[in-house]
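A.B. asks: The structure under discussion is supplied below as structure tokens; questions concerning it will follow.
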Amino acid sequence: MASVPTALGAPAERREGLEKVTGTARYAAEQPRPGRLHARPVPAAIARGRVTGVDTAAALAVPGVRAVLTHDNAPRLAEPDDPTLSVLQNPQVPHRGWFVALVVADTPEAARVGAAAVRIAYDAQDHDVTLTDTHPDAYVPEEVGGEYPARAEHGEPEEAFGSSAVRVDVAYRVPPLHNHPMEPHASTAHWDGERLTVHTSSQGSTVVRATLAELFGLPEERITVVAEHVGGGFGSKGTPRPDVVLAVMATRHTGRPVTVALPRRMLPAVVGHRAPTLHRVRLGAQSDGRLTSVLHEVTTHTSRIKEFVEQAAMPARVMYAAPHSRTLHRVVPLDVPSPSWMRAPGEAPGMYALESAMDELAGELGLDPVEVRVVNEPDREPDSGKPFSSRHLVECLREGARRFGWSARDPRPGSRREGPLLVGSGVAAATYPVQVSPSTAEARALPDGGFLVRVNATDIGTGARTVLAQVAADALGVPLDRVRIEVGSSDLPAAPLAGGSSGTASWGWSVHEACTRLTEALAAHTGPLPGDGIPARADTAGTADADSPWARHAFGAHFAEVAVDTVTGEVRVRRLLGVYAAGHILNARTARSQFVGGMTMGLGMALTEGSTMDAAFGDFTEADLAAYHVPAHADVPEIEAHWIDEHDPHLNPMGSKGIGEIGIVGTPAAIGNAVHHATGARLRELPLTPDRVL
Ligand code: MOS
4 MASVPTALGA PAERREGLEK VTGTARYAAE QPRPGRLHAR PVPAAIARGR
54 VTGVDTAAAL AVPGVRAVLT HDNAPRLAEP DDPTLSVLQN PQVPHRGWFV
104 ALVVADTPEA ARVGAAAVRI AYDAQDHDVT LTDTHPDAYV PEEVGGEYPA
154 RAEHGEPEEA FGSSAVRVDV AYRVPPLHNH PMEPHASTAH WDGERLTVHT
204 SSQGSTVVRA TLAELFGLPE ERITVVAEHV GGGFGSKGTP RPDVVLAVMA
254 TRHTGRPVTV ALPRRMLPAV VGHRAPTLHR VRLGAQSDGR LTSVLHEVTT
304 HTSRIKEFVE QAAMPARVMY AAPHSRTLHR VVPLDVPSPS WMRAPGEAPG
354 MYALESAMDE LAGELGLDPV EVRVVNEPDR EPDSGKPFSS RHLVECLREG
404 ARRFGWSARD PRPGSRREGP LLVGSGVAAA TYPVQVSPST AEARALPDGG
454 FLVRVNATDI GTGARTVLAQ VAADALGVPL DRVRIEVGSS DLPAAPLAGG
504 SSGTASWGWS VHEACTRLTE ALAAHTGPLP GDGIPARADT AGTADADSPW
554 ARHAFGAHFA EVAVDTVTGE VRVRRLLGVY AAGHILNART ARSQFVGGMT
604 MGLGMALTEG STMDAAFGDF TEADLAAYHV PAHADVPEIE AHWIDEHDPH
654 LNPMGSKGIG EIGIVGTPAA IGNAVHHATG ARLRELPLTP DRVL
């Protein structure tokens with residue numbers, strides 16, 4: 004086939020952009036059907052105990068209320084793998100906000116009034132929601148992230164630390180954090196005879212279908228799960244959530260289409276949160292700056308019903324060369340909602356602690372913070388001893404320093420004053436692993452000269468449709484506008500979720516493979532194409548980290564400039580700049596948005612986002628956007644995202660690494676380090692709100 008300019012890397016505009024900005028893109032709750040009902044859950048008002056009685060009379064008397072489901076009358080479910088989905092099956096209350104009833108009504112308004120009228124009696128027990136370093140129930144789990152040992156040790160880290168010439172021994176705290184995607188979790192379910200169709204706001208509908216089949220005892224072939232447009236997820240939609248289970252229960256109970264759209268205030272209790280992390284970081288170094296010992300020990304919490312461990316000590320296994328090291332996770336089961344994934348689970352809080360400690364070490368050494376990272380650059384992955392498939396952290400640091408104007412910085416803290424403002428700048432490194440999952444895809448050459456690519460990818464706002472069309476056009480050697488793409492339905496070839504920054508690599512690999520096979524089939528074909536075209540399918544295996552001879556990670560460097568108001572304690576970020584080494588960047592426009600979005604979320608983590616567990620009520624006190632402050636436009640300065648064009652042959656046919664998460668990773672530490680440089684004060688607990696700064 005004649006060579007055509009590659010579509011890969013071009014800043015192609017997102018294909019669904021017009022639909023989104025004109026409001027014609029339909030989301031999961033926006034699926035009107037004749038006779039559709041609306042259901043609203045009732046959250047538990049105790050933190051631990053059991054329901055002893057549900058009085059539904061007043062709720063059923065509300066005009067428009069059709070049914071109230073409780074553990075007495077709700078459809079029975081098979082035991083799920085994920086205990087958080089076992090809703091309305093028994094009277095136990097494992098945490099405040101757990102759903103104990105569901106009101107189904109003609110309108111959302113009637114459902115809300117009905118839900119408020121449900122009277123629930125409880126047998127409340129004492130609860131414990133307070134995480135401490137010394138909690139007696141703390142234990143070291145076997146694994147973190149479902150794959151890695153929770154503890155790893157090399158050499159004699161304590162002894163080596165004790166005898167190091169320069170030492171930093173510091174503690175950091177990151178509070179619970181909440182995922183608040185623009186679109187709260189929602190599902191609409193209905194039956195067509197024996198066939199169940201569900202529209203849900205999910206990062207991966209293949210797994211939602213499998214879960215519903217298991218829970219409701221249905222064959223997968225009778226279920227279609229659609230996630231056509233999804234308004235963000237950040238991990239909280241990476242697994243099915245109770246809304247989809249309740250929608251299917253309610254449609255089964257009533258025989259009518261039902262929408263469950265969770266009010267934002269209900270999200271923190273039922274869609275996972277970033278668990279709080281207590282960090283102790285010890286860094287021992289020689290006087291030339293080279294690390295002798297790295298110890299990163301993390302204590303976090305999980306719920307009583309599900310073990311999830313925020314793997315915050317993981318990045319210390321990747322970042323710096325040191326002959327002695329310990330990384331350790333401890334977890335405390337509490338009467339709290341089940342934590343789960345939130346953008347860069349592990350790396351985001353872990354690198355806040357490690358990269359803040361590296362800045363403290365640079366101060367102790369009298370070394371430039373960029374240089375202290377450069378001198379500790381490893382030639383192999385420190386923990387595994389594997390060679391890196393590619394690692395250009397030093398290049399990111401150097402390029403970032405050049406673009407940021409780092410060399411003009413006076414290293415002395417508190418040295419730059421503008422009236423009541425103290426101004427400073429900081430740097431931090433970032434890393435995120437390369438993950439690739441098995442996927443399938445189909446490509447079809449059509450008689451009209453076009454190509455149709457089908458894959459159950461999910462576009463959670465990232466531009467997945469657009470990038471996959473580029474991958475296909477590149478593999479087919481045709482212009483981008485000849486490729487049509489279908490994503491977002493479990494009726495399409497099965498594909499993994501949009502998570503772990505692995506979507507594009509996983510889906511793209513199978514799309515690339517299907518298109519390559521189709522090209523071969525077309526080369527062998529003579530005469531006109533049959534009416535339904537010529538198809539080719541691919542089933543790609545992905546790559547498991549444990550089997551690979553390579554350590555594969557993306558890297559980046561973050562630079563921040565802040566102004567701290569000495570009167571009000573307010574921290575304003577003036578500039579953020581990130582430089583990334585993440586393989587081949589497949590779409591310059593959507594990639595930039597991903598990086599900038601991650602950095603914006605990191606800015607929120609640094610300055611405004613934080614949740615607290617109310618010890619008396621056993622509840623998060625910041626449940627909605629009035630109390631949980633995500634950055635507004637006025638908080639976000641000009642953010643620059645740049646990248647180094649990295650050629651890594653050990654990844655996938657596109658040569659790409661994931662880019663969805665790394666933008667958040669180094670941003671909080673870069674901002675915290677800038678606040679220290681501005682003021683001379685080292686704050687070790689996020690967020691850096693005015694009360695802490697003053
Ligand atoms: Mo991401 S936290 O893997 O959706």
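Numbered as in my numbering, the sequence shown ends at 697 without a single skipped number.
For glycine and all other residues, C-beta sits at the position ideal for the given N, C-alpha and C.
1) Near V567, what residues of its chain come up, given a Cβ to Cβ distance below 7 Å and the 5 sequence neighbours on each side ignored?
2) Below 8 Å between beta carbons: does that hold for L134 and V335?
3) In chain order, what residues of the same chain have a beta carbon less than 6 Å from the beta carbon of P279, not counting five sequence neighbours either side?
4) DSSP three-state call for E421: helix, strand or coil?
5) Please look up how many angstroms separate the CB atoms of A192 and V251, rounded, as I've assumed it's under 8 Å.
6) Let me check you understand the geometry: is the CB of R419 closer than 7 Å to at least one non-hydrogen atom of the ligand MOS?
7) Say yes only if the C-beta of P97 is nearer than 7 Å to one or more non-hydrogen atoms of the ligand MOS, and no if none qualify.
8) Please find out if some non-hydrogen atom of the ligand MOS comes closer than 7 Å to the beta-carbon of P271.
9) Using a threshold of 8 Å, state whether the C-beta atoms of V107 and A32 are closer than that.
10) Classify I308 as helix, strand or coil using the three-state DSSP reduction.
11) According to DSSP, is M616 part of a helix, a strand, or is it coil?
12) Go to Y355, then tell me how far its alpha helix (DSSP H) extends in each direction, as first and last residue.
13) Using a threshold of 8 Å, state whether the C-beta atoms of P94 and V54 are closer than that.
14) From what residue to what residue does the beta strand (DSSP E) around A563 run?
15) Going by beta carbon distance, what residues of the same chain come within less than 7 Å of L580, once the five residues before and after it are set aside?
16) Can you tell me whether DSSP reads V321 as helix, strand or coil?
17) Leaving out five residues before and five after T110 in sequence, what residues of the same chain have Cβ atoms less than 7 Å from its Cβ?
18) How about R346: is its Cβ closer than 7 Å to a heavy atom in the ligand MOS?
19) Taking only three categories from DSSP, how would you classify V574?
20) Please report how far the alpha carbon of A288 lies from the alpha carbon of A163, in whole angstroms.
21) By DSSP, does T469 sit in helix, in strand, or in coil?
22) Find the nearest neighbour of P372 within the set V273, A560 and G601, judged by alpha-carbon distance.
23) So, helix, strand or coil for G666, using DSSP?
24) Using C-beta distances below 7 Å, list every residue in its chain close to Q128, excluding the 5 sequence neighbours before and after it, in chain order.
25) Does at least one heavy atom of the ligand MOS sit under 7 Å from the Cβ of Q206?
26) My guess is that G275 and S328 are in contact by the Cβ rule of under 8 Å, so how many angstroms apart are they, rounded?
27) Going by beta carbon distance, what residues of the same chain come within less than 8 Å of A64, once the five residues before and after it are set aside?
28) So, for A13: in the same chain, excluding its five sequence neighbours on each side, which residues have a beta-carbon less than 6 Å away from its beta-carbon?
29) Tell me whether G207 sits in a helix, a strand or coil according to DSSP, three-state version.
30) Less than 7 Å between the CB of E16 and some heavy atom of the ligand MOS, yes or no?
C.D. replies: With the structure as the only source:
1) L424, L425, V574, V678, A681, T682 and V696
2) yes
3) L134, P178 and P179
4) DSSP, reduced to helix, strand and coil, places E421 within a strand of the structure shown.
5) Under the criterion of beta carbons closer than 8 Å, A192 and V251 qualify as touching, at roughly 5 Å.
6) Every heavy atom of the ligand MOS is 7 Å or more from the Cβ of R419, so no.
7) no
8) no
9) no
10) coil
11) strand
12) E350 to L368
13) If you check the CB distance, P94 and V54 come in under 8 Å.
14) H556 to D568
15) G403, R406, F407, F562 and E643
16) When secondary structure is reduced to three states using DSSP, V321 falls in the coil class, being assigned neither helix nor strand.
17) H41 and G67
18) yes
19) For V574, the three-state secondary structure derived from DSSP is strand.
20) 9 Å
21) helix
22) A560
23) helix
24) R51 and G52
25) The answer is yes for Q206.
26) Not really, about 30 Å apart at Cβ, beyond 8 Å.
27) A120
28) Around A13: no qualifying Cβ.
29) coil
30) no
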